[in-house]
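Residue numbers (the UniProt record's numbering): 1 to 134.
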């Protein structure tokens with residue numbers, strides 16, 4: 001269960017005059033993938049934040065292969081790659097309806113205390129999840 005897929009349809013406001021998705025809009029697509037990956041594992045990002053834990057991005061690498069276009073249904077693949085102390089890493093890909101690879105990405109996120117803003121160990125329920133994935 002390291003993998004999860006979710007879909008989004010490209011909205012007009014996410015494109016330029018030629019109907020091509022603006023490059024900055026891929027970051028929110030990947031965020032949808034990560035949030036839905038957590039939800040699929042029974043973890044609510046909202047509940048995690050309400051308990052005082054945040055999960056900001058500290059590093060991202062995105063490679064654009066082909067443009068996404070207005071009204072395409074995109075499939076976001078999110079794969080858990082690794083976890084170490086306070087960090088979690090994901091590999092991500094976006095495909096169009098023709099199953100063409102459009103974009104790849106690697107994200108590293110860090111668990112932080114929202115109170116102090118400092119890195120913190122993941123909550124026990126997330127550590128239990130990681131044990132099932134490694």
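Yeah, the Cβ is synthetic: ideal placement off N, Cα and C, and Gly gets one too. Fair warning: this is a prediction, and the values are worked out from it, not measured in the lab.
The beta carbon of residue 79 is closer than 6 Å to those of 2, 3, 91 in its chain, skipping five residues each way along the sequence.
Segment contact: the stretch 18 to 33 against the stretch 61 to 72, three or more CB-CB distances shorter than 8 Å; contact assigned. Between the alpha carbons of residue 119 and residue 54 lies a gap of roughly 9 Å.
Spatial neighbours of residue 29 in its own chain (CB-CB distance under 7 Å, excluding positions within 5 residues in sequence) are listed in chain order as 8, 74, 76, 94. An exposed status is given to residue 61, since fewer than 16 other beta-carbon atoms sit within 10 Å of its beta-carbon. In the structure shown, residue 79 adopts extended strand secondary structure according to DSSP, grouped into three states. By the criterion of a C-beta distance shorter than 6 Å, residue 86 is surrounded in its chain by 110, 111, 119, once the five residues flanking it on both sides are discounted.
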